[in-house]
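Participant: Input: one structure, supplied below.
Chains as they are written, first to last, in my numbering: chain U, 102 to 424; chain G, 4 to 461.
Spelled out as structure tokens, the structure:
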């Protein structure tokens with residue numbers, strides 16, 4: 102398929118999916134069982150004037166089809182109303198939480214990808230030997246571990262028993278640091294445990310995928326050719342087998358990155374990390390629907406965009422797509 | 004029908020499995036307050052208790068209607084042998100009578116649950132079902148023979164995979180624990196009713212009292228009791244959610260794959276939307292809006308995972324429908340529904356089954372996660388609820404509560420691991436290329452390891 106047509110098709114598909122998801126988001130908060138006024142309006146005692154004001158913000162005083170029109174205008178312009186819990190515009194509340202989450206999941210994904218891919222390459226290369234059997238079975242076990250349970254174990258061992266790392270938050274409260282270096286050091290100490298617990302499941306997943314992908318690439322003819330022309334074992338592995346086996350992992354990493362919010366919710370809740378995950382958890386507990394609506398839309402769009410990026414990367418990495 | 008003899012092995016299976024299913028069904032709703040320590044007669048009395056098989060009346064009515072419809076349609080379609088269809092009809096009638104008995108015969112309540120004869124109706128229905136299988140085996144002896152042979156072949160290949168066996172052993176262990184929970188611990192130790200006096204909070208584990216094997220929780224209740232009873236909810240939610248996911252996903256996959264035109268394309272766009280929905284935030288929104296109980300959790304898990312199954316099945320359907328036998332079926336005038344049911348479905352079934360096993364792992368995982376976030380049913384414990392309590396009570400830092408943190412977590416890991424291992428083993432059964440060795444070849448893993456880098460012969 103020629104390049105322009107391939108990309109046009111992918112981008113159009115992405116736009117269509119975003120539109121459908123945004124429509125679904127509208128439905129989720131207004132049409133599904135449950136009174137929209139109950140969902141989008143705060144609990145507790147409010148004066149009639151305040152209620153009317155809230156209704157006006159979400160256009161709940163209009164018929165449904167008009168609400169749908171307003172919903173699109175508001176979404177495109179970025180009007181998501183005010184958070185009930187924090188009495189601030191939703192865009193501010195959410196905006197503040199984005200960077201901590203990106204730092205956390207970025208570091209976690211980096212850990213997971215590097216360790217998972219390297220271990221997977223060696224396991225697949227030395228298939229059925231002691232290292233592979235250990236790594237694969239360990240990978241299966243780690244893959245079955247709930248992220249939040251791993252986080253609690255880490256807190257129990259590394260911060261309560263050994264006292265190496267703090268057990269939560271992004272920074273100590275009420276501590277002023279003398280220099281930028283000590284501040285950065287404290288931040289990294291806070292970052293390590295959450296990022297590592299976030300990484301565990303993904304690490305195991307990439308290890309297993311990488312291993313099976315190495316095994317299947319080693320059966321290809323070009324591996325045999327490389328061997329036949331006398332390339333050394335390490336050259337066969339690192340210049341011929343591994344780059345070709347990277348493909349499934351690369352797209353998987355990218356697609357998983359879209360879904361990070363699901364993992365972040367658990368890690369951030371346990372470690373009290375002030376990111377999007379903790380925000381969605383607290384806003385669920387407080388029934389802060391405007392925030393939930395915005396976070397949900399943001400999370401869905403992230404998934405769709407990451408899928409698009411994965412497709413684009415696939416195009417450049419895999420020569421077969423171009424043919 | 005020329006050979007009207009039931010395969011002897013099928014006959015044996017009927018005799019073995021009917022009582023097993025009867026016991027399992029009885030244990031599902033066994034009274035919760037009759038542990039072994041309460042005496043033999045008291046325990047056995049549980050099998051004819053009012054609570055056994057006290058399903059809500061609407062499920063029975065639904066089953067009755069479905070059975071009667073299938074029976075009547077069968078009677079109209081087949082002219083030669085009536086006994087299978089008549090058995091189905093009889094089952095429908097029994098289910099209808101049972102439904103009325105649950106409602107108390109005089110009033111109409113869809114949720115009616117009270118009948119002292121429920122265990123008896125359940126037994127009759129089960130025997131009729133066994134008779135139905137018997138008739139099927141006799142009337143379609145060749146097909147039954149083939150099914151028996153296939154099942155044994157699958158088991159022969161499966162057995163050669165030690166990881167699959169490990170998974171199966173773990174699963175059997177936890178299933179036994181879940182089913183036998185009423186015999187092991189009195190449920191009062193979970194629900195904290197007046198029948199028991201609690202221990203002191205966070206008592207350390209003690210070997211002498213089985214209630215304190217894992218210590219006690221924040222209100223002095225037995226962690227071991229919670230652990231045992233939680234296994235029921237975790238497994239039940241996981242399996243039920245998987246059944247819904249698989250049925251919906253397979254249906255959608257076959258439909259969108261078979262009708263590849265604009266209908267299928269539209270269906271795929273809907274599937275795509277469900278694929279990109281971030282499942283945890285979505286589940287949190289739904290649980291927050293709809294309330295907290297396990298019916299909703301099951302629906303949420305099914306709602307967020309059917310699309311994956313649909314896409315997988317669709318890909319398989321796209322290749323199956325190009326096979327010559329589908330062309331042939333169409334050439335002799337088979338309708339779409341017939342082709343989908345008799346030619347496509349059997350060919351995607353192995354894939355669906357292997358995928359369903361993996362889906363159970365995901366469902367148990369999801370249930371634990373949602374319960375941990377406090378979205379579970381506060382009245383019924385699951386392992387996720389236990390972990391939520393551990394976290395909320397700050398028990399992570401209490402030294403005597405270590406078992407409280409470890410027991411449910413390890414159980415979840417083992418169960419999810421078991422289903423993943425079983426799923427991988429089934430993948431091997433379906434795809435011969437994945438098999439490490441044939442059972443008969445006598446080659447061990449270690450002799451293969453020597454030749455491992457040279458995989459050209461694989």
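Glycine included, each C-beta is placed from N, C-alpha and C at the ideal position.
No experiment lies behind these values; they were computed from the predicted model shown.
I'd like to know whether the C-beta of residue 117(U) is nearer than 8 Å to at least one C-beta of chain G.
Facilitator: By one-based count along the first chain, residue 117(U) stands at place 16. Output row for residue 117(U): interface = yes.
Participant: So does the stretch 239–247 of chain U actually touch the stretch 327–337 of chain U, counting three or more Cβ pairs closer than 8 Å?
Facilitator: Flag = no, the stretch 239–247 of chain U and the stretch 327–337 of chain U do not touch.
Participant: Hey, would you say residue 118(G) sits closer than 8 Å to residue 57(G), going by beta carbons?
Facilitator: Here residue 118(G) is taken as the residue at index 115 of the second chain, counted from 1. Here residue 57(G) is taken as the residue at index 54 of the second chain, counted from 1. Yes, the pair counts as a contact, with Cβ atoms nearer than the cut-off.
Participant: Please identify, using Cβ separations under 9 Å, the residues of the stretch 336–349 of chain U that lie next to chain G, in order along the chain.
Facilitator: Listed by position, the residues of the stretch 336–349 of chain U near chain G (Cβ gap below 9 Å) amount to none.
Participant: Could you tell me which chain G residues have their CB closer than 8 Å to the CB of residue 441(U), listed as they occur along the chain?
Facilitator: Because chain U spans 102 through 424 in this model, residue 441(U) falls outside it and cannot be assessed.
Participant: Got a sec: is the Cβ-Cβ distance from residue 241(U) to anything in chain G below 8 Å?
Facilitator: Within the first chain, numbered from 1, the residue matching residue 241(U) stands at position 140. Output row for residue 241(U): interface = yes.
Participant: Going along chain G, which residues have a C-beta under 8 Å from residue 318(U)?
Facilitator: The count along the first chain starts at 1 and reaches residue 318(U) at position 217. Simply none; closest approach about 10 Å.
Participant: Under the three-state reduction of DSSP, which class applies to residue 110(U): helix, strand or coil?
Facilitator: If you number the first chain from 1, residue 110(U) lands on position 9. Helix, per DSSP.
Participant: If we count Cβ pairs, one from each stretch, closer than 8 Å, do we get three or more for the stretch 205–222 of chain G versus the stretch 371–378 of chain G?
Facilitator: Contact fails: fewer than three Cβ-Cβ distances are below 8 Å.
Participant: Please classify residue 327(G) as buried or exposed, where buried requires at least 16 neighbouring CB atoms within 10 angstroms.
Facilitator: In the second chain, residue 327(G) corresponds to position 324, counting from 1. Exposed, by the Cβ-count rule.
Participant: Hey, is residue 123(G) close to the ligand GDP, as in C-beta under 7 Å from one of its heavy atoms?
Facilitator: Here there are no bound small molecules, and the ligand GDP is not part of this structure.
Participant: Using 8 Å as the limit for Cβ to Cβ distance, is residue 400(G) near chain U?
Facilitator: On the second chain, position 397 is the one that residue 400(G) refers to. Answer yes: the Cβ-Cβ gap between residue 400(G) and chain U drops below 8 Å somewhere.
Participant: Please compile the residues from chain U whose C-beta is within a distance smaller than 7 Å of the C-beta of residue 287(G).
Facilitator: For the purposes of this step, residue 287(G) is identified with residue 284 of the second chain, where counting begins at 1. Residues of chain U passing the Cβ test: 381 and 385.
Participant: So is residue 272(G) in contact with chain U if we call contact Cβ pairs under 8 Å?
Facilitator: Indexing the second chain from 1 puts residue 272(G) at position 269. For residue 272(G), the answer is yes, since a Cβ of chain U falls inside 8 Å of its Cβ.
Participant: Taking the straight line between their C-alpha atoms, what separation do you get for residue 410(U) and residue 107(U)?
Facilitator: By one-based count along the first chain, residue 410(U) stands at place 309. By one-based count along the first chain, residue 107(U) stands at place 6. Approximately 13 Å, taken between the alpha carbons.
Participant: Classify residue 219(G) as helix, strand or coil using the three-state DSSP reduction.
Facilitator: Position 216 of the second chain, counting from 1, holds the residue named residue 219(G). Correct three-state label for residue 219(G): strand.
Participant: Can a CB atom of chain G be found closer than 8 Å to the CB of residue 263(U)?
Facilitator: Within the first chain, residue 263(U) is the residue found at index 162, counting from 1. For residue 263(U), the answer is no, since every Cβ of chain G falls outside 8 Å of its Cβ.
Participant: Determine the closest residue to residue 350(U) out of 210(U), 285(U), 168(U) and 382(U), with distance taken between C-alpha atoms.
Facilitator: In the first chain, residue 350(U) corresponds to position 249, counting from 1. For the residues 210(U), 285(U), 168(U) and 382(U), the minimum Cα distance to residue 350(U) belongs to 210(U).
Participant: Would residue 386(U) and residue 181(U) qualify as a contact pair, given that the criterion is a beta-carbon distance under 8 Å?
Facilitator: Mapped onto the first chain, residue 386(U) falls at position 285. Mapped onto the first chain, residue 181(U) falls at position 80. Cβ atoms of residue 386(U) and residue 181(U): not closer than 8 Å.
Participant: Ignore the nearest five residues each way along the sequence and tell me which others in residue 396(U)'s own chain have a CB closer than 8 Å to its CB.
Facilitator: Position 295 of the first chain, counted from the first residue, corresponds to residue 396(U). Hits under 8 Å: 195, 362, 377, 380, 381 and 384.
Participant: If we cut at 8 Å on Cβ distances, does residue 416(G) have a partner in chain U?
Facilitator: Reading the second chain from its first residue, position 413 is the one you call residue 416(G). At least one chain U Cβ lies under 8 Å of residue 416(G).
Participant: Going along the chain, which residues of its own chain have a beta-carbon closer than 6 Å to the beta-carbon of residue 73(G), five neighbours each way excluded?
Facilitator: The residue you call residue 73(G) lines up with position 70 of the second chain. Hits under 6 Å: 91.
Participant: Can you look up residue 237(G) in the DSSP assignment and give me helix, strand or coil?
Facilitator: Mapped onto the second chain, residue 237(G) falls at position 234. Note: residue 237(G) maps to helix in three-state DSSP.
Participant: Closer than 7 Å between beta carbons: that is the criterion. Which residues of the stretch 390–418 of chain U meet it against chain G?
Facilitator: Within the stretch 390–418 of chain U, the residues whose Cβ lies closer than 7 Å to some Cβ of chain G are 393, 396, 397, 400, 401, 404, 405 and 408, listed in chain order.
Participant: Identify the continuous alpha helix (DSSP H) that holds residue 171(U) and give its terminal residues.
Facilitator: Sequence index remark: in the first chain, residue 171(U) carries index 70 (1-based). Element bounds for residue 171(U): 165–178.
Participant: Measure the CB-CB distance between residue 316(G) and residue 260(G) and report whether it falls below 8 Å.
Facilitator: The sequence position of residue 316(G) within the second chain is 313, counting from 1. The sequence position of residue 260(G) within the second chain is 257, counting from 1. Yes.
Participant: Would residue 206(U) and residue 403(U) be called neighbours here (beta carbons separated by less than 8 Å)?
Facilitator: The residue labelled residue 206(U) in the question sits at position 105 within the first chain. The residue labelled residue 403(U) in the question sits at position 302 within the first chain. Contact: no.
Participant: Starting from residue 33(G), trace the alpha helix (DSSP H) both ways and give me its first and last residue.
Facilitator: What you label residue 33(G) is simply residue 30 of the second chain in a count that begins at 1. Here residue 33(G) belongs to no alpha helix (DSSP H), and DSSP marks it neither H nor E.
Participant: Do residue 401(U) and residue 283(G) have their beta-carbon atoms positioned less than 8 Å apart in this structure?
Facilitator: Position 280 of the second chain holds residue 283(G). Position 300 of the first chain holds residue 401(U). No, they are not a contact pair.
Participant: Take the Cβ of residue 22(G) as the centre, count every other Cβ of all protein chains shown within 10 Å, and call the residue buried at 16 or more, exposed below.
Facilitator: Locating residue 22(G) in the second chain gives position 19, where the first residue counts as 1. Burial call: exposed.
Participant: Can a CB atom of chain G be found closer than 8 Å to the CB of residue 257(U)?
Facilitator: Looking up residue 257(U) in the first chain gives position 156. Closer than 8 Å to some Cβ of chain G, the Cβ of residue 257(U) qualifies, so yes.
Participant: Is the CB of residue 374(U) under 8 Å away from at least one CB in chain G?
Facilitator: By 1-based counting over the first chain, the position of residue 374(U) is 273. It does not: the Cβ of residue 374(U) has no partner Cβ on chain G nearer than 8 Å.
Participant: On the CB-based measure, 16 or more other CB atoms within 10 Å of its CB, does residue 267(U) come out buried or exposed?
Facilitator: Start at 1 with the first residue of the first chain, and residue 267(U) comes out as number 166. By the 10 Å Cβ count, residue 267(U) comes out buried.
Participant: State yes or no: is the beta carbon of residue 360(U) nearer than 8 Å to at least one beta carbon in chain G?
Facilitator: Here residue 360(U) refers to the residue found at position 259 of the first chain. True, the Cβ-Cβ gap to chain G drops below 8 Å.
Participant: Using the DSSP secondary-structure output, state which residues sit across from residue 267(U) in a beta bridge.
Facilitator: Indexing the first chain from 1 puts residue 267(U) at position 166. In the DSSP output, where bridge partners are listed per residue, residue 267(U) has none listed.
Participant: By a C-beta neighbour count over all protein chains shown, 10 Å radius and 16 as the cutoff for buried, is residue 373(U) buried or exposed?
Facilitator: Counted from its first residue, the first chain places residue 373(U) at position 272. Exposed, since its Cβ has fewer than 16 Cβ neighbours within 10 Å.
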